[in-house]
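Undergrad: Before I ask anything, let me first share the structure, which is written out below as C-alpha cells.
Number of protein chains: 2
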Amino acid sequence: MQDKLDQLKSILAIISDLHGATALLSWDQQCYMPPGGVVDRGNQIGTLSSLAHSKFVSEEVGSLLEELKPYAETLDPESDDACLIEVTDRDYQKSINVPNEYVAEWARVTTVAHGAWEEARANNDFSHFQPHLEKIVDMRRQYADFFKPYTHVYDPLLDDFEPGMTTAEVQEIFTGMRPKQVELIKAISEKPQVDDSFLHLHYEDQQQWEFGEAAITKFGYDWNRGRQDKAAHPFTTNFGLGDVRITTRVDENFLNTALFGTLHEAGHAIYEQGVAAELERTPLGSGASLAVHESQSRMYENLLGRSYDFWVHFYPSLQERFKTQLGNVDLDTFYKGINKVEPSLIRVEADEATYNLHIMLRLELEIALMEGKLKVADLPQAWNDRMEDYLGVVPATDAEGVLQDVHWSAGILGYFPTYALGNLVSNQLWEKINLDIPDLSSQVQNGNFAELLAWLRENVHRHGAKFKPQHLVKRVVGSTISPEAYLKYLNDKFGAIYEL
Amino acid sequence: MQDKLDQLKSILAIISDLHGATALLSWDQQCYMPPGGVVDRGNQIGTLSSLAHSKFVSEEVGSLLEELKPYAETLDPESDDACLIEVTDRDYQKSINVPNEYVAEWARVTTVAHGAWEEARANNDFSHFQPHLEKIVDMRRQYADFFKPYTHVYDPLLDDFEPGMTTAEVQEIFTGMRPKQVELIKAISEKPQVDDSFLHLHYEDQQQWEFGEAAITKFGYDWNRGRQDKAAHPFTTNFGLGDVRITTRVDENFLNTALFGTLHEAGHAIYEQGVAAELERTPLGSGASLAVHESQSRMYENLLGRSYDFWVHFYPSLQERFKTQLGNVDLDTFYKGINKVEPSLIRVEADEATYNLHIMLRLELEIALMEGKLKVADLPQAWNDRMEDYLGVVPATDAEGVLQDVHWSAGILGYFPTYALGNLVSNQLWEKINLDIPDLSSQVQNGNFAELLAWLRENVHRHGAKFKPQHLVKRVVGSTISPEAYLKYLNDKFGAIYEL
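One line per chain: the protein sequences are A and B, in this order.
For what it's worth, the numbering used here labels the leading residue of the first sequence as 1, then goes sequentially.
For what it's worth, the numbering used here labels the leading residue of the second sequence as 501, then goes sequentially.
Below you can see the structure in the form of C-alpha cells.
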C-alpha cells in the first residue's frame, strides 16, 4: 500500500508546486507587477489553477484514494498518513463537484472584478463594481449548488475556509455575542475618551519599518525563510514552508497601521513557518483553517502587541526612534491610546472591542445576498443601515463603506466570519497558555517570546492542516469554539482602561 | 481549418502561461527570494517546465501540425498564421527528437556540473570541474547525433539559439574579422592610453539608479509594462508582452557597471515591449534569436550609450548628479574614458574593440571540443595560448581564465557566438537607420529617440520570432549577417579617439 501512497504523494507534490507558483504570481501582482501585466497575469493564474484542479480531480487520484481509505482506517487516526488520506479525500470529494470550466471562468471573473473594484473605490462609484459583484454572487450560488443537498446555501462557502463548520454554528455564536459587544461599546461611550492624538503625528516610514522588523524578529519570525514587502492591502503568503512572506502598508501619519499590521501578518507567517517539515508539498502543509490562522495573527497583534506587558519591553525602543513624537508620552498614556475604543467606518482600523461587529455586519449581508433576500444593487444602503444600528456611524461615501474591503472583488464570500472566530480562538488558546506558562506575563515584559513560540509550535503550528478547526481547538483547550474567553478578555481589559 | 488552428493556439497559450510563470519564479529567485526557498523553488520550476514540455510534445500537437502544414502553404508566408505553424513545427520536430531519458539525465548532469564549477572557480581548481565538462561535451555530441545527418557536429547546438544558422557561416564571418580586430588593438596599444580614473571614484547607488532610469525613460522603455530591480547577474525577462522587466547591478566604485548594464538590458526589454500584441501567448511572442536580441541591447548600450551624440545630451545631467566626481571632467575626456580600449581577462568587462575576440576564442574552443580535436584536459592551456595570441594577456589563474563564465557548467554550448553576431547586426542595422533617418545624430544630441524607436518597432520589434535571424536581417538591410559595418564602425570610432 506504501507505493499507492507514494503515487498519491507525488501527484500532490506537483499540485503543491502549481499552488506555490500561483501564490507567487499573486504576491508579485500585489507587490511589484506593473499595470500592463494584468491581463497576462490573469491568464497565468487561470491556467495554473486549472491545471492544478484537473490534476487533482483526475480518475487516478480518485482510485488511489479508494484504495487508500480502508488502509487509513488501520492507522493511528492522528498519524500524518491517516490525516493526509482523510484531508485529501475530503478535498477531492469537494473538488470533483466543481467542473474545470467553472474554475477557469471563476479565475477570470474575479481577476477582472478586482480591477473594477479598485477603480470603483478610487472613484467612489459602486455602480462600476455592481455588475461584477452580481456575477460573483451568481457564480457563488452556482458553486453552492454543486454541493446540494446542503442545510444552508452559505454552508459550502463557509466550509471552504472552516472545514466542518456550519452556518448555524456560526450564527449561534454570533447571535449570543452581538448584544454583549454592543453593550460594552455603549458603556465605553459614556466614559471620558482616552487621548490618542500622539498616534496621528508624522512618523517616518523607514523608522516604522525597522521597528516592526525588530519586534517580529523577537517574536521568532525566521528571515531566512521569509521577507517583508509593501502592499496596499497587507497579506501573508507562502511558496512552500521555506519561503513565507509578509506584506505591510505604512502610513506616515498614523503609527498603528504598519505597527499592528506587521505584528498581525507575522502571526500568520510564524504559524506557517512552524508547520512540520514532513507535511511539505502535501495538502497538510499549511494552517488548519482561517479561524485558526487568525487566532495566531490576532494573538501576536492584540494579545501581545496591544498588551501592557509587551510595551513594558518595547516602549523604550519605540520612544528612542520617535523622540519628538513620543518623548513626553508615558507608557500608560501610550497603552491607553493604542487601545482607544471608538466606533469607526473601516474594519481594518477597528479596535478590538468594535472589530467583531464589522464582521457580523458582513456575515449578515453575505448570507442575505446568497439567500437572494438582498439584491447587490441594494447592498450600499443595507450596509449603511447596519453600520448605524451596530456602531452608530454611517459612511459618507461607498468608498469608505461597502467598497472598503477587497474580499468580495476577489469572490471571497464565507471568509469574513473566520476573522471573528479567530478572535475567539486566540483567547481560548491564551487562557490555556497562561495556565501552562504561569510567568508568561513577566517573560513578555522581558521580551522573551521563546517559550510561547515553543508552546504554539507544539500545540498548534506543527500539526498544519491535519485536524479540522473544531477538533484542533478541542484537542488543545478541551472545548470547541466559543465566545466566553473573548468576552471576558474584552470586559476585563476595557473595564480597566475605561474604569467601567 | 480555422478550428484546428484555434485548438493549436489554445494549447500554445497554456504553454506560454507556464513559461511566463516559470520566468517569474526565476526572476523572484534572483531578485527577492530568501535562502530558505531554494528547494521548493527548484521543485516548482522543475514541475512547470516538465508540464510545459509534455503539453508541447503531445500527440495532439503533432497531429494538429500535420493537418495544418499543408494549410500554411496556402497562406502568405509572412502572415502570422503561416509563421506560427512553421515555427511551432520546427520547435516540435526538434523536441520530439530528444528522448525523455536524455532530458532528465541532462538536467541532472548540468545541475551537478554547475555546483562543481562554482567550487572549482572558488578554489581555482579546473581538475574538479573537468570530469563534469567531459560528460557535458559527451552529452552534447549525443544531442547533436539526434539530429543526424548534420553538416557539422556544432550545427544542432547553434541552431537552438540562432535558428537556421550554420557553423560554416559563423566561421567564415569570424575568420575574416579576427585579424582586423587584432590589428586594430595592436595599433591602439602603441598609442598613449586615455584616462578613465574618474570612472573609478565613489558614485552613490541611488543617484546611479535614477540616472539610468531617466536615460531609459528617454529611450522609450515603457514603465507601465516593466520595472527595474537589482540582481547579482543582470538579465531581462518577461511574463508576457505587458510585463517586461530588467535587472541591474550597481557598483558604487565603478560608474560603468550599472550605467551600461541598464542601457543594455533596456535594449533587450524595449525589443520585447515592441513585439506585436497579436503574437502574445504564442511561440512568436518574443525576440527572433539571441543575436537579434543582442543587436538591440548592444545598440542601446554602445551605439547610443557609448556615443558622443548621446553624451552631448546626457552629460550635463550626469555631471549635475555627480558634481564632485565629474565637475572638472569635460565631455571629451568623459567620452574617451568610457571608450577606453584595454585587452583584459574577463569577457563581461571587455570594451567594444576587444569584446569579439573573447567570443571567437570560446567559439573555436567549443568547436574543437565538439569535433574531438581538443581534450577537455587540455582546455586551460588552449585557453591561455589563445588569450596571448588574440589579446596579448594571459590569465594568472584558471579562475580568471577558462573557469570565468557560467555557460559551460550549465551545458550551454553554441550560445557564445550570438554575442558577437549581435554586435555585427547592431551595426548593420545602424547603417540602415542612419540612411533612413539622416538627422539621427542631431536627434540623439537633443535627447530625441522617438523616431529611432519607431524605426526599430517597424523593422525589427513587431515581427517577434516570425522570421529566422538571417531572413530578418536580409529583409531589413538587404544582406545577411556580415562584419563590414562593424569593422568600419570600430576603425572610425577608435581611429578618432586614439588618433590612429
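Where a beta carbon is used, it is the ideal one built from N, C-alpha and C, also for glycine.
Because the structure is a prediction, the values reported are computed rather than measured.
#1: Of all the CB atoms in chain A, is at least one closer than 8 Å to the CB of R1029 (chain B)?
#2: Distance, Cα to Cα, L487 (chain A) vs K180 (chain A)?
#3: With 8 Å as the limit, tell me which residues of the stretch 528 to 542 of chain B have their beta carbon closer than that to any beta carbon of chain A; keep them in chain order.
#4: Taking DSSP as the reference, what is the three-state secondary structure of D229 (chain A)?
#5: Any beta carbon from chain B within less than 8 Å of T47 (chain A)'s own beta carbon?
#6: DSSP state of V244 (chain A), grouped into three classes?
#7: On the criterion of 16 or more Cβ atoms from any shown chain inside 10 Å, does M506 (chain A) qualify as buried, or is it exposed?
#8: Is any heavy atom of the ligand MG found at a distance shorter than 7 Å from the C-beta of A277 (chain A)?
#9: How about P843 (chain B) and L903 (chain B): are their beta carbons less than 8 Å apart?
#10: I want to verify the contact list: residues of chain B whose CB lies under 7 Å from the CB of I14 (chain A), in sequence order.
#11: Would you mind stating whether I800 (chain B) and G767 (chain B) have Cβ atoms separated by less than 8 Å?
#12: How big is the Cα-Cα spacing for H813 (chain B) and V944 (chain B)?
#13: I'd like the span of the alpha helix (DSSP H) that includes N738 (chain B), first residue to last.
#14: On the criterion of 16 or more Cβ atoms from any shown chain inside 10 Å, does D517 (chain B) qualify as buried, or is it exposed?
#15: Distance check for T737 (chain B) and H461 (chain A), CA to CA, integer angstroms please.
#16: Give the residues of chain B in contact with W223 (chain A), contact being defined as C-beta atoms less than 8 Å apart.
#17: With a cut-off of 8 Å, does the C-beta of F719 (chain B) fall near any C-beta of chain A?
#18: With the cut-off set at 8 Å, would you say G220 (chain A) and I270 (chain A) are in Cβ contact?
#19: On the three-state DSSP scale, how would you describe D40 (chain A)?
#20: For A788 (chain B), does the three-state DSSP call read helix, strand or coil?
#21: Of all Cβ atoms in chain A, is any one closer than 8 Å to the Cβ of F916 (chain B)?
#22: Which value, in whole angstroms, describes the spacing of the CA atoms of S289 (chain A) and A353 (chain A)?
#23: Which word fits H477 (chain B), buried or exposed, when buried means at least 16 other C-beta atoms lie within 10 angstroms of its C-beta?
#24: Excluding the five sequence neighbours on either side, which residues of its own chain have a C-beta within less than 8 Å of the C-beta of Y855 (chain B), listed in chain order?
#25: Less than 8 Å between CB atoms is the rule here; does F739 (chain B) satisfy it with respect to chain A?
#26: Closer than 8 Å is the cut-off here; do at least three beta carbon pairs connect the stretch 200 to 216 of chain A with the stretch 367 to 374 of chain A?
#27: Measuring only between beta-carbons, confirm whether D436 (chain A) sits less than 8 Å from chain B.
#28: If you count every other CB in all the chains shown that lies within 10 Å of the CB of E208 (chain A), and 16 or more means buried, which is it?
#29: Out of B:D905, B:L913, B:P577, which one is the CA nearest neighbour of I636 (chain B)?
#30: Does E780 (chain B) come out as helix, strand or coil in the three-state DSSP assignment?
#31: Using a Cβ distance threshold of 8 Å, determine whether the stretch 526 to 546 of chain B contacts the stretch 12 to 27 of chain A, with at least three qualifying pairs required.
#32: Using 8 Å as the Cβ pair cut-off and three pairs as the minimum, do the stretch 801 to 809 of chain B and the stretch 923 to 932 of chain B touch?
#33: Closer than 9 Å by beta-carbon distance: list the chain B residues that pair up with D205 (chain A), in chain order.
#34: Please determine, among B:D889, B:F822, B:V538, the residue with the shortest C-alpha to C-alpha distance to E710 (chain B).
#35: Does the beta-carbon distance from L784 (chain B) to K648 (chain B) come in below 8 Å?
#36: Taking buried to mean at least 16 other C-beta atoms within 10 Å of its own C-beta, is D889 (chain B) buried or exposed?
TA: In short:
#1: An answer regarding residue 1029 (chain B) cannot be provided, because it is not within the stretch 501 to 1000 covered by chain B.
#2: Numbered from 1 along the first sequence, position 487 holds the residue referred to as residue 487 (chain A). Numbered from 1 along the first sequence, position 180 holds the residue referred to as residue 180 (chain A). Counting only the Cα atoms, K180 (chain A) lies some 8 Å from L487 (chain A).
#3: D528, Y532, M533, P534, P535, G536, G537, V538, V539, D540, R541
#4: Indexing the first sequence from 1 puts residue 229 (chain A) at position 229. Correct three-state label for D229 (chain A): strand.
#5: Taking the first residue of the first sequence as 1, we reach residue 47 (chain A) at position 47. Yes, contact with chain B.
#6: Residue 244 (chain A) sits at position 244 when you count from the first residue of the first sequence. The answer is strand: DSSP assigns V244 (chain A) an E or B state.
#7: Shown here, chain A extends from 1 to 500; a query on residue 506 (chain A) therefore has no answer.
#8: In the structure on display, the ligand MG does not appear, and there are no ligands present to speak of.
#9: Taking the second sequence and counting its residues from 1, one reaches residue 843 (chain B) at position 343. Taking the second sequence and counting its residues from 1, one reaches residue 903 (chain B) at position 403. For P843 (chain B) and L903 (chain B), no; Cβs fall outside 8 Å.
#10: Position 14 of the first sequence holds residue 14 (chain A). Those within 7 Å of I14 (chain A) in chain B are T547.
#11: Taking the second sequence and counting its residues from 1, one reaches residue 800 (chain B) at position 300. Taking the second sequence and counting its residues from 1, one reaches residue 767 (chain B) at position 267. The identity of residue 800 (chain B) in the sequence shown is Tyr, whereas the question assumes Ile. Cβ atoms of Y800 (chain B) and G767 (chain B): closer than 8 Å.
#12: For this step, residue 813 (chain B) is matched to residue 313 along the second sequence. For this step, residue 944 (chain B) is matched to residue 444 along the second sequence. Their Cα atoms are separated by approximately 7 Å.
#13: As a working note, residue 738 (chain B) is residue 238 in the second sequence. Here N738 (chain B) belongs to no alpha helix (DSSP H); instead the beta strand (DSSP E) covers 736 to 738.
#14: Counted from its first residue, the second sequence places residue 517 (chain B) at position 17. Buried, since its Cβ has 16 or more Cβ neighbours within 10 Å.
#15: As a first step, residue 461 (chain A) must be located in the first sequence, where it is residue number 461. As a first step, residue 737 (chain B) must be located in the second sequence, where it is residue number 237. Their Cα atoms are separated by approximately 37 Å.
#16: Reading the first sequence from its first residue, position 223 is the one you call residue 223 (chain A). P534, listed in chain order.
#17: Numbered from its first residue, the second sequence carries residue 719 (chain B) at position 219. With 8 Å as the cut-off, F719 (chain B) does not count as an interface residue toward chain A.
#18: In the first sequence, counting from the first residue as 1, residue 220 (chain A) sits at position 220. In the first sequence, counting from the first residue as 1, residue 270 (chain A) sits at position 270. Cβ atoms of G220 (chain A) and I270 (chain A): closer than 8 Å.
#19: Here residue 40 (chain A) corresponds to residue number 40 of the first sequence, with the count starting at 1. Three-state result, D40 (chain A): helix.
#20: As a first step, residue 788 (chain B) is located in the second sequence; it is residue number 288 there, counting from the start. In the structure shown, A788 (chain B) sits in coil (DSSP, three-state: anything other than H, G, I, E or B).
#21: For the purposes of this step, residue 916 (chain B) is taken as residue 416 along the second sequence, with counting starting at 1. Chain A contact via Cβ: absent.
#22: The residue you call residue 289 (chain A) lines up with position 289 of the first sequence. The residue you call residue 353 (chain A) lines up with position 353 of the first sequence. If I take the Cα positions, the gap works out to 23 Å.
#23: This structure cannot speak to residue 477 (chain B), because chain B is shown only from 501 to 1000.
#24: If you number the second sequence from 1, residue 855 (chain B) lands on position 355. Around Y855 (chain B): R847, Y919, A920, N923.
#25: Translated into the one-based positions of the second sequence, residue 739 (chain B) becomes position 239. Yes, because at least one Cβ of chain A sits closer than 8 Å to the Cβ of F739 (chain B).
#26: no
#27: Residue numbering aside, residue 436 (chain A) sits at position 436 when the first sequence is read from its first letter. False, the Cβ-Cβ gap to chain B never drops below 8 Å.
#28: Position 208 of the first sequence, counting from 1, holds the residue named residue 208 (chain A). Contrary to the premise, residue 208 (chain A) reads as Gln rather than Glu in this sequence. Burial call: buried.
#29: Counting from one through the second sequence, the residue named residue 636 (chain B) turns up at place 136. For I636 (chain B), the closest C-alpha among the options B:D905, B:L913, B:P577 is that of B:L913.
#30: Taking the second sequence and counting its residues from 1, the one referred to as residue 780 (chain B) is at position 280. When DSSP states are grouped into helix, strand and coil, E780 (chain B) belongs to the coil group.
#31: They touch, by the three-pair rule.
#32: yes
#33: For the purposes of this step, residue 205 (chain A) is taken as the residue at position 205 of the first sequence. Going along chain B, no residue has its Cβ under 9 Å from D205 (chain A), so there is no contact; the nearest lies around 15 Å.
#34: Taking the first residue of the second sequence as 1, we reach residue 710 (chain B) at position 210. Checking every option, the nearest Cα to that of E710 (chain B) belongs to B:F822.
#35: Counting from 1 along the second sequence, the entry for residue 784 (chain B) is found at position 284. Counting from 1 along the second sequence, the entry for residue 648 (chain B) is found at position 148. No, Cβ-Cβ distance for L784 (chain B) and K648 (chain B) is not below 8 Å.
#36: Residue 889 (chain B) sits at position 389 when you count from the first residue of the second sequence. Around the beta carbon of D889 (chain B), fewer than 16 other beta carbons lie within 10 angstroms, which makes this residue exposed.
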